[in-house]
Every structure is written in C-alpha cells, then in structure tokens.
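Numbering (this note's numbering), first residue to last: 278 to 637.
In this text, a Cβ means the ideal position worked out from N, Cα and C, and glycines have one as well.
Values in this document were obtained by computation on a predicted structure and should not be read as measured data.
Structure below.
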C-alpha cells in the first residue's frame with residue numbers, strides 16, 4: 278500500500294504540475310471557464326450573488342462551499358467588507374470569512390468608486406490629482422490601468438508624477454510592453470499637460486476609467502479565486518484516496534499563517550494533524566483551553582512552520598504516525614468543513630469564540 282508520505286511527496290514534488298493536472302480535469306475546467314467568462318460581468322454584490330454558479334465557485338475556492346446555501350449570512354459577510362475592525366467578517370472567528378470578504382470587497386470598491394466619481398472633475402492640476410486625500414483618486418486610477426507594480430514606492434510614484442507633468446512628451450518607458458501601453462493610456466486619460474484644466478472634465482474618459490477599474494478588480498478576483506479553487510480541488514481529490522494526504526496538503530498550505538496554539542485549536546483539520554504528529558489522543562481537546570495551549574506550545578515552536586525543512590520533518594512525522602494508526606477517524610469532507618465543535622470540546626469552542634469575537 279502506498280504510504281501517506283509517498284503520496285504527499287508525489288503531489289508536492291512538482292506542485293505546479295499537480296495543480297495543472299487538477300485544473301485540466303473536465304469538471305474543474307468547465308467550472309473555471311464559466312467563472313473566468315462571467316466574473317467580468319459583475320458590477321456589484323447583487324450581480325455576484327445572483328449568479329449562483331459563479332457564487333458557489335467562489336465559496337468553494339475559499340473553503341466555504343458548505344456555507345454557500347446560507348446566502349443571507351454570506352451577503353452580510355460581504356456587505357461589511359473588511360475595512361472596519363467591527364465589520365461582520367472581522368468579528369467572525371473563522372479566517373475563511375475574512376479572506377472571502379477581502380477578496381470580494383464590494384463595499385470598499387463602491388466607496389472608492391463613489392469618491393472618484395464625485396471628486397475627479399474638481400481636480401485641475403497634477404498636484405491636485407496626486408496630493409488628493411491619501412492619494413485616493415491617484416491610486417484608483419493607477420489600479421484602473423493596472424500600474425500598481427510600477428507605482429509601489431515613493432520613488433516610482435514621483436517618476437509617474439513627473440511624467441504626468443510632461444504628458445506624452447515624457448521619456449519614461451517600461452520594459453514590459455503591456456505595462457508600457459497601459460501607462461500610455463493612463464497619460465492620455467489624465468493629460469494635464471495637453472488639456473490642462475480640462476483633463477478630468479471628459480466624462481466619457483472618466484467613466485472609462487471607472488469601467489477599467491471594475492475590470493481590473495474582476496481580473497484580480499479571477500486570478501486569486503481560480504488558484505484557490507484549483508488548490509482546494511487538488512486537496513479534495515487526493516483525500517478521496519487517502520484523507521491523510523489531504524490533511525498534510527491542507528496543513529502545508531495553512532502553516533505559514535499559524536502563529537500560536539489557539540489557531541490550531543480553532544481549526545479541526547490543523548488540530549488533527551498536530552495531535553497525530555505529537556501522538557496525543559483526541560480527548561486532549563476536552564481539557565481547559567489554556568492547558569491545551571500550554572501542551573502544544575511546549576512541544577511545538579510555531580516559528581518552525583515558516584521553515585520548509587522543519588515543516589517537512591513535522592509532516593513526515595504526522596504521515597508516519599497517521600499510517601501506523603490506520604488513518605484518520607473522519608471522512609475528509611466532514612473533517613475539513615464541519616463546525617469547529619467536531620474538533621474541540623464545546624467549552625473550548627465557546628472560549629475560542631469569545632477570544633476571537635472579543636467576548637461578543
């Protein structure tokens with residue numbers, strides 16, 4: 278019989294190739310093609326949730342497929358976004374909701390678009406454009422034209438500001454043809470040097486900027502979501518033949534985000550891996566939360582999970598002990614997506630919720 282570590286290494290030895298094979302599977306390819314074709318048509322949250330196939334693909338990508346049916350809840354998660362610490366998503370204990378809301382932050386997008394539309398016609402100079410409150414209009418335009426990669430540092434922004442003063446006469450060029458063309462389009466749209474005070478009075482041009490911004494947002498969402506969906510499907514498919522491989526892949530993906538024992542205890546899948554690797558019985562999950570944290574913290578330096586070599590050693594131990602124990606006790610789907618109470622005691626879950634929600 279093929280061991281967990283052998284199967285895990287077969288997948289991760291060339292992860293890019295493994296993901297490509299998963300992406301090419303008929304069902305995955307069809308769903309992905311639909312998402313990529315239709316996400317660009319989305320203008321707002323209503324559009325997003327109205328297309329059930331699109332919406333469900335996104336929830337699956339962020340590990341929330343089991344909650345896709347709860348549209349009222351998911352709408353509330355997305356409506357508040359993540360800009361405010363008190364938003365609904367930020368107050369939830371499960372990181373997946375925050376990640377989902379951050380990726381599809383229609384609230385912030387609407388706010389920034391409204392600000393741009395209300396104020397751009399008032400801008401009459403390059404200085405006014407760039408020195409706008411927190412550079413909001415300038416940043417919005419940069420995002421719309423896909424120039425974030427060349428306007429990231431103060432020096433890069435200064436170079437673009439100088440180019441705006443010169444307009445199409447600027448000598449600033451970019452080696453990437455796609456970026457350079459976008460930059461030329463940007464200069465044409467905000468041609469203060471040529472049109473002077475009327476540069477931002479062209480309503481059609483400014484509306485085109487808004488539409489470009491929407492398209493840029495959707496392109497980013499498509500890239501991130503498709504990558505996440507493919508990884509989720511890879512893990513799920515591997516789990517169909519060996520659920521411990523799925524656990525190992527899941528742990529590897531989440532490891533860089535693990536900072537302390539409380540994060541482990543709040544996630545049934547992470548907890549299963551840690552308990553197995555440490556040779557601890559699942560009954561440990563029923564003791565006092567702080568005592569549990571002390572046990573895990575004493576035996577694990579969580580910083581080690583940032584080191585690929587040490588993470589591999591940890592997962593090798595997990596794989597060996599998992600195989601010797603005869604496999605995990607729950608099916609992969611129920612383990613990875615069931616409520617946290619399946620992995621920790623009810624009293625522990627309640628305590629974790631208070632910690633995560635500030636006692637609310």
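Selection 522, 507, 350 evaluated against residue 600 yields 522 as nearest (Cα-Cα).
The beta carbons of residue 550 and residue 528 sit about 5 angstroms from each other, so the pair counts as a contact at 8 angstroms.
In the three-state reduction of the DSSP assignment, residue 562 falls in the helix class, which pools H, G and I. Comparing C-alpha distances from residue 421 to each of 334, 440, 485, 469 shows the shortest one belongs to 485.
If one requires a minimum length of 3 residues, no beta strand (DSSP E) run lies completely within the region 302-376. Residue 416: member of the alpha helix (DSSP H) spanning 413-421, first to last residue.
The C-beta separation of residue 300 from residue 309 comes to about 7 angstroms, placing the pair in contact by the 8 angstroms criterion. Residue 505 sits away from residue 366, with the two beta carbons spaced by 8 angstroms or more. By the Cβ neighbour-count rule, residue 516 is buried, with 16 or more other Cβ atoms within 10 Å of its own.
In the assembly as shown, residue 330 is an exposed residue. Its beta-carbon has fewer than 16 other beta-carbons within 10 Å. A distance below 8 angstroms separates the beta carbons of residue 305 and residue 507.
Going by DSSP, residue 397 is part of no alpha helix (DSSP H) at all; its letter is neither H nor E. Nearest neighbour of residue 419 by Cα position, chosen from 324, 462, 292, turns out to be 462. In the structure shown, residue 514 adopts helical secondary structure according to DSSP, grouped into three states.
Under the three-state reduction of DSSP, residue 589 is assigned to helix. Three or more beta-carbon pairs drawn from the region 378-390 and the region 490-501 are found closer than 8 angstroms, and the two stretches are therefore classed as touching.
Contact between residue 424 and residue 444 fails: their C-beta atoms lie close to 16 angstroms from each other, not under 8 angstroms.
Nearest neighbour of residue 480 by Cα position, chosen from 466, 513, 576, turns out to be 466. By the neighbour-count criterion, in which a residue is buried when 16 or more other Cβ atoms sit within 10 angstroms of its Cβ, residue 564 is exposed.
In the displayed model, residue 401 falls within coil according to three-state DSSP, outside both helix and strand. Exclusion of the five residues before and after residue 453 leaves no residue of its chain whose Cβ lies closer than 6 angstroms to its Cβ.
Contact between the region 399-408 and the region 343-361 is absent: fewer than 3 CB-CB pairs across the two stretches fall below 8 angstroms.
Looking at 594, 597, 589, the one whose alpha-carbon comes closest to that of residue 290 is 589. Following the DSSP letters along the chain, one finds residue 526 inside the alpha helix (DSSP H) bounded by residues 520-531. A direct Cα-Cα distance of roughly 14 angstroms separates residue 351 from residue 328. Taking all protein chains shown into account, residue 450 has fewer than 16 neighbouring C-beta atoms within 10 Å of its C-beta and is therefore exposed. For residue 381, no alpha helix (DSSP H) segment is defined, and its DSSP state is neither H nor E. Close CB contacts of residue 295 within its chain, under the 7 angstroms cut and outside five residues either way in sequence, are with 288, 511 (chain order). The beta carbon of residue 587 sits closer than 7 angstroms to those of 581, all from its chain and outside the five residues before and after it, given in chain order.
For residue 456, the enclosing alpha helix (DSSP H) covers residues 454-466. The residue from 414, 531, 573, 325 with its alpha-carbon nearest to that of residue 340 is 531.
In the DSSP assignment, residue 552 falls within the unbroken alpha helix (DSSP H) covering 545-554. Leaving aside the five residues that flank residue 476 on each side, the residues in its chain whose CB is nearer than 7 angstroms to its CB run, in chain order, 467, 468, 469. Straight-line spacing of the CA atoms in residue 324 and residue 593 works out to 45 angstroms. Between residue 542 and residue 577, the CB-CB gap reaches or exceeds 8 angstroms. Here residue 579 carries a helix assignment [DSSP, helix/strand/coil].
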